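One structure below.
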């Protein structure tokens with residue numbers, strides 16, 4: 008019996024659809040996702056299956072985009088942004104029960120600052136999310152949102 012760990016290497020899987028003029032800085036882990044034209048993906052990013060990234064969108068380093076996320080065109084995702092699809096509806100992790108996961112939709116012209124956490128929500132077009140914010144509810148009105156939970160600046 009061996010105690011050697013199973014090692015995995017970061018990679019771009021064969022099932023990734025990548026548009027024209029896309030820049031990707033290794034290492035990344037991309038699988039089952041679609042990335043639009045003229046996009047940038049920074050290093051140490053993971054984009055999981057069933058994710059769609061629109062055209063002219065930039066994903067900065069150390070970001071995690073989980074399954075069921077759609078990001079529109081002309082968006083910016085700051086360093087260390089984390090998307091969540093499991094709301095712990097049963098009091099703990101879904102433990103592989105994907106029926107408990109929920110989708111996130113990000114509109115067009117949305118800028119998300121560094122170290123933001125985005126729960127399963129919908130964000131309309133023309134929104135700025137300040138660094139460190141935690142987005143817990145749908146954003147239906149353009150503007151700038153900050154804090155935990157994220158609230159619109161007046």
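Numbering (the numbering used here), first residue to last: 8 to 161.
Cβ atoms here follow ideal geometry from the backbone N, Cα and C, with glycine treated the same way.
Since the structure is predicted, the reported quantities are computational estimates derived from the model, not experimental observations.
Problem - Extent of the continuous beta strand (DSSP E) to which residue 29 belongs - result: As a working note, residue 29 is residue 22 in the chain shown. It is not in any beta strand (DSSP E) - residue 29 carries neither H nor E in the DSSP assignment.
Problem - residue 77 in three-state terms, based on DSSP - result: Taking the chain shown and counting its residues from 1, one reaches residue 77 at position 70. DSSP places residue 77 in strand when its eight states are reduced to three.
Handout entry: Where residue 160 sits in the DSSP three-state scheme
Key = In the chain shown, counting from the first residue as 1, residue 160 sits at position 153. Correct three-state label for residue 160: coil.
Handout entry: Cut-off 8 Å between Cβ atoms - residues of its own chain near residue 84, not counting five sequence neighbours on either side
Key = Within the chain shown, the letter at position 77 stands for residue 84. The answer, listed in chain order, is 64, 65, 66, 67, 70, 72, 78, 119.
Practice task
Starting from the C-beta of residue 135, find all residues in its chain whose C-beta is less than 6 Å away, skip the five residues before and the five after it, and write them out in chain order.
Solution key: In the chain shown, counting from the first residue as 1, residue 135 sits at position 128. Excluding sequence neighbours, residue 135 sits near 118, 151.
Exercise for the section: Kindly indicate which three-state DSSP category residue 37 falls into: helix, strand or coil? Expected result: Counting from 1 along the chain shown, the entry for residue 37 is found at position 30. Strand.
Handout entry: Straight-line gap, residue 169 to residue 9 (C-alpha atoms, nearest Å)
Key = With the chain covering 8 to 161 only, the question about residue 169 has no answer from this structure.
Handout entry: Cβ shell of residue 132 (< 8 Å), same chain only, five flanking positions each side left out
Key = As a first step, residue 132 is located in the chain shown; it is residue number 125 there, counting from the start. If we look at residue 132 and ignore the five residues flanking it on each side, its Cβ neighbours are 79, 114, 115, 116, 117, 149.
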